[in-house]
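**Student:** Protein chains in written order, with the working numbering: chain E, -10 to 330; chain C, -10 to 330.
2 protein chains.
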Amino acid sequence: MSGKRKGLGRATVHDVAKLAGVSSITVSRYFKQPDIVSQALRDRIAEAVNALDYLPNHAAGGLASTRGRIVAMVIPNISGPIFANTIQSFSDELNRHGYQLLLASSYFSVEKEEDAVRAFLGWSPAALVLTSQYHSEGTERLIAKATMPVVETWDYVPERKPVQVGFSHVDVGRQSVEYLHGKGYKRIAFVQNSLIGDLSALDRRDGYIARMTEHGLEPWVFVPTQADPFEAGRQAVNSLLLRKQPAEAIIFANDNLAAGGMLAGARAGMRFPEDCAIFGFGNYAFSEMLLPSLTTIRPPAREIGEVAALRILQTLGEASVEGPVQRLNLLDCELIARESA
Amino acid sequence: MSGKRKGLGRATVHDVAKLAGVSSITVSRYFKQPDIVSQALRDRIAEAVNALDYLPNHAAGGLASTRGRIVAMVIPNISGPIFANTIQSFSDELNRHGYQLLLASSYFSVEKEEDAVRAFLGWSPAALVLTSQYHSEGTERLIAKATMPVVETWDYVPERKPVQVGFSHVDVGRQSVEYLHGKGYKRIAFVQNSLIGDLSALDRRDGYIARMTEHGLEPWVFVPTQADPFEAGRQAVNSLLLRKQPAEAIIFANDNLAAGGMLAGARAGMRFPEDCAIFGFGNYAFSEMLLPSLTTIRPPAREIGEVAALRILQTLGEASVEGPVQRLNLLDCELIARESA
DNA sequence: TTTCGCAATGTTACCGGTAACATCATCGAG
DNA sequence: CTCGATGATGTTACCGGTAACATTGCGAAA
């Protein structure tokens, strides 16, 4: 209140200290390590804090101690059906330990991701969380130099340096083929998303190709030109089924495409899985409500957020989170067999 | 590098200044108001910034200038189908102007909300965004004293002091009745959610009651005891339709309940809307894919995030966002008539 | 030529905490 | 009774920026 600079107009440690008749560092200790402050002073300080409505300024604290309690996360998108659960569980776990989440979305653009990372690093977050293994060169450089823990989620690439929390998209592709092949299907097609942004989907396609080849079957990849997932699905179904040797089964890059394909097919009088088996990825909320309900693979979205948070908290030495830090965290996907395949 | 305290080990304004042969404030100005720095110095500074990989420390900047560039938002949940779009558009609009989003979820608990607000205020965010008009007393006290702009979203209560960006839940309730009444239905029931947390749903119920009464019809509110939305929906359908004078139409508090009710009814051999008209709220992603597709009301989720961000940016005086600040922002809901009613 | 105004740059102190070190009181061992 | 270990509290300076005020240089007006 006395300086020539105005400040926030809120009570500071110094105000509290003065009112309680102690030094400001004691107030600081009262919050950080209450056990080393005597009961008498604790009471006086508590009273002063209350009287002044004191709230610690985390920006100042972080600056002085060089470790703030915010964690930054860049995710492709928030509103989609995929990542929301990861964000939710990640955020909850952090909040539980007094950390706050700084969030931005990249829309599957590595340039936007780099922008976000650059902006975040300016806050010196306690940790940085990215999605997938695919980044721009600039991002790679930034994270290589970063001093805080970095975690990559939704992918699992043991060769990479950052902590990995996710699963192998290639294996998901193989697993899909395996399931359909086990049911006797031979002419199995794969429908990619036209959006070149989601690079992990290409890994699933590669897994599909590999496993098909191992079975001596010919891979058959269709790339829609439409961006809208429902339109793209329609395009795929029309192209793959309205021919002399139609596909017996179709693996779609995600449930949105699969749903679009099924709806389009149904309107054209096709029946699933009688005319063609349909296989998705993602287990979106609507997938079990479709008619027929969609056979798909559920990625461990919630678990990814949880484990990523735990690894970070461990690395930061949060006492309440026991166990050693684990750099590689391979989580399980669950194949959900429903009516469509 | 010289002090006895370690710092982050990253380059600072001072390092850049030394290398460029200028004073540190000039480097600061180079970032904040480049136009008042001469071209010659700008070039030298740019070079130094590059050579040192300098990244401004926003925490320090915010502390010194008493206005940081983060905005805090508390939302009931991230992963649900409702708020994700609001978060997404809000975050995008902020990022576009160099602000970052700090996010936490309350799970419809006013106590959790208060915790989050308290934690956020410690970061002295440039603005604070809450959901709905219902808060704890503690939260009310905190926002009354807050010095930064506060915005309430997903509701519209002109009497309240904070900036309002949303719609009237009471009106939504009335509008639902109006639509069904216009179709000739008389015995119209309302199914509330058992979760007492979502207080706005009660406003929709009140609107339903008011409009029914105005039409001389008797309100009929059913409160499920089951927490799971699908189970609750089943419970409601059983209770409202398996009786001598069954409901002719049911308004559900949200699309989840409505979907649960329809699936349960379909399994029991009922047909919609022949046996009963079904009306939801929320326009969730799956609603148009149900069989029959669900008649519902689409809340302006994306618009809320956008407008909230714009109002905040205007209040903060972001030059690039023109127009006066508007305290009341009533956005339109859209009634989507589909097959179920 | 002198003076004034303004643009460009620098000096100093301060934002609100906390690390590092200093000091003081207490208490048990020698 | 003295000394040193231990625990509680205080002093000082510093984290990395920027507000406020000071200074300098230069051109236009008088």
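Backbone N, C-alpha and C fix where the C-beta goes; we use that ideal spot for every residue, glycine too.
1. Name the chain E residues that come within less than 7 Å of C:T136, Cβ to Cβ?
2. Could you compute how far the alpha carbon of E:L119 sits from the alpha carbon of E:S98?
3. Using CA atoms only, rank isn't needed, just tell me which of C:A330, C:V296, C:A135, C:Q164 is closest to C:K150.
4. Using a Cβ cut-off of 9 Å, pull out every chain E residue sitting near C:H332, in sequence order please.
5. Assuming E:N243 and E:G271 are in contact, meaning their beta carbons sit under 8 Å apart, how far apart are those beta carbons, in whole angstroms?
6. According to the neighbour-count rule (16 or more other Cβ atoms, all chains shown, within 10 Å of its Cβ), is E:E126 buried or exposed?
7. Could you pull the start and end residues of the alpha helix (DSSP H) that C:M201 belongs to?
8. In this structure, what does DSSP give as the bridge partners for E:E323?
9. Evaluate C:H158 with the Cβ neighbour count: other Cβ atoms within 10 Å of its Cβ, from every protein chain shown; 16 or more gives buried, anything less gives exposed.
10. Output needed for E:V296: all residues of its chain with C-beta closer than 8 Å, excluding positions within five of it in sequence on either side, in chain order.
11. Does any C-beta atom of chain C lie closer than 8 Å to the C-beta of E:D4?
12. Output the boundary residues of the alpha helix (DSSP H) element that contains E:G162.
13. With H, G and I counted as helix, E and B as strand and the rest as coil, what does DSSP make of E:I67?
14. Does C:G(-4) pass the burial test, meaning 16 or more other C-beta atoms within 10 Å, or should it be called exposed?
15. Can you tell me where the beta strand (DSSP E) with C:S98 in it begins and where it stops?
16. Checking contacts by CB at 8 Å: is C:F261 closer than that to chain E?
17. Would DSSP call E:V226 helix, strand or coil?
18. Going by alpha carbons, who is nearest to E:I132 out of E:D144, E:P281, E:E102?
19. Which value, in whole angstroms, describes the spacing of the CA atoms of E:V212 and E:F268?
20. Any idea what DSSP makes of C:Q89, helix, strand or coil?
21. The beta strand (DSSP E) spanning C:L117 covers which residue range?
22. Quick check: what's the CA-CA separation for C:A248 versus E:Y273?
23. Roughly how many whole angstroms lie between the Cα atoms of E:A108 and C:T142?
24. Starting from the Cα of E:S113, find the closest Cα among E:A53, E:R163, E:P65 and give me that residue.
25. Identify whether C:N243 lies in helix, strand or coil by the three-state DSSP scheme.
26. Restricting to Cα atoms, I'd like to know which of C:I25, C:A105, C:S78 is closest to E:I96.
27. Would you grab the beta carbon distance between E:S183 and E:A221 for me? Rounded to a whole angstrom, and I think it's under 8 Å.
28. At 8 Å on the CB atoms, spell out the chain E contacts of C:I67, in chain order.
29. Which runs of the beta strand (DSSP E), 3 residues or longer, sit entirely within the region 250 to 296 of chain E?
30. Return no unless some Cβ of chain E is closer than 8 Å to the Cβ of C:G269.
31. Going by C-alpha to C-alpha distance, which of C:V161, C:S121, C:L169 sits closest to C:V146?
32. State the DSSP-derived secondary structure class of E:L41, mapped to helix, strand or coil.
33. In chain C, which residues lie with their C-beta within 8 Å of the C-beta of E:A93?
34. Please determine if the region 274 to 293 of chain C and the region 59 to 69 of chain C are in contact, where contact requires at least 3 C-beta pairs separated by less than 8 Å.
35. List, in order along the chain, the chain C residues whose C-beta lies closer than 8 Å to that of E:F20?
36. Measuring CA to CA, which of C:F72, C:L110, C:F179, C:Q215 is closest to C:M137?
**Tutor:** Short version:
1. L(-3), G(-2)
2. 12 Å
3. C:A135
4. Past the edges of chain C, shown from -10 to 330, lies residue 332 of chain C, and the structure says nothing about it.
5. 5 Å
6. exposed
7. 188 to 203
8. E:R287
9. buried
10. V154, N318, L320
11. no
12. 158 to 171
13. coil
14. exposed
15. From DSSP, C:S98 is part of no beta strand (DSSP E); its letter is neither H nor E.
16. no
17. helix
18. E:E102
19. 16 Å
20. strand
21. 116 to 120
22. 15 Å
23. 26 Å
24. E:A53
25. coil
26. Looking at the sequence itself, residue 96 of chain E is Tyr, so the reference to Ile does not match. Checking every option, the nearest Cα to that of E:Y96 belongs to C:S78.
27. 6 Å
28. I67, A73, I76, Q77, S80
29. 266 to 268, 285 to 287
30. no
31. C:S121
32. helix
33. S80, N84, Q89, L90
34. no
35. Result: empty, since nearest Cβ-Cβ is about 11 Å, beyond 8 Å.
36. C:L110
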